[in-house]
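Chemist:
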Amino acid sequence: MKVVLLTLCFALGVLAQDKYESVNDDFDVSKVLNNDRLLQSYAKCLLNKGPCTSEVKEVKAKLPEALETRCAKCTDKQKQMGKVLAQEVKKNHPDIWKELVAMYDPQGKYQEAWKEFLQE
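As structure tokens, this is what we get:
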């Protein structure tokens, strides 16, 4: 489930017409993935366990819709960032991934769609 901070990548978008704004499409995903403190901070925000930056707060607000629609309003860059974030968090931080999935998809209704999305 792209609820991974994939979330983060959406965190960079704000609604604008049919797509989220691409204002933060230049967000450096590797900056988050290579900084455990930053990743933990973002995860705590998404899990309601800590404070949020304005960027992550935006992602958090858009995350449920993005999950439900398989990121239909995301720009191509946001989809790419989301996939990278989701795959890396799932692989290298399974504990965070499990918590995100439990919070944002407790019934597992988005699992199959997001599995396909991440493989596209």
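Numbered per mature numbering (1 follows the signal peptide of the UniProt record, and there is no 0), the sequence shown spans residues -16 to -1, 1 to 104. Here a beta-carbon is modelled for each residue, glycine too, at the ideal position from N, C-alpha and C.
1. From what residue to what residue does the alpha helix (DSSP H) around C29 run?
2. Near V72, what residues of its chain come up, given a Cβ to Cβ distance below 7 Å and the 5 sequence neighbours on each side ignored?
3. Between which two residues does the alpha helix (DSSP H) containing K33 stretch?
4. Name the residue from P90, L102, D2, E104 whose alpha carbon lies nearest to the alpha carbon of P48.
5. Roughly how many angstroms lie between the CA atoms of E104 and K63, to the nearest whole one?
6. Less than 8 Å between the CB atoms is what I'm expecting for K67 and L102, so what's the real figure, rounded?
7. Do V13 and M87 have their CB atoms nearer than 7 Å?
8. Hey, out of F11, D2, L23, whose CA is closest to N76's CA?
Modeler: Looking at the atomic coordinates:
1. From DSSP, the alpha helix (DSSP H) with C29 extends over 20 to 30.
2. Looking at the sequence shown, residue 72 is not Val but Glu. Cβ neighbours of E72 beyond the five flanking positions: L17.
3. Following the DSSP letters along the chain, one finds K33 in no alpha helix (DSSP H), marked with neither H nor E.
4. P90
5. 10 Å
6. 6 Å
7. no
8. Closest in alpha carbon position to N76, among F11, D2, L23, is L23.
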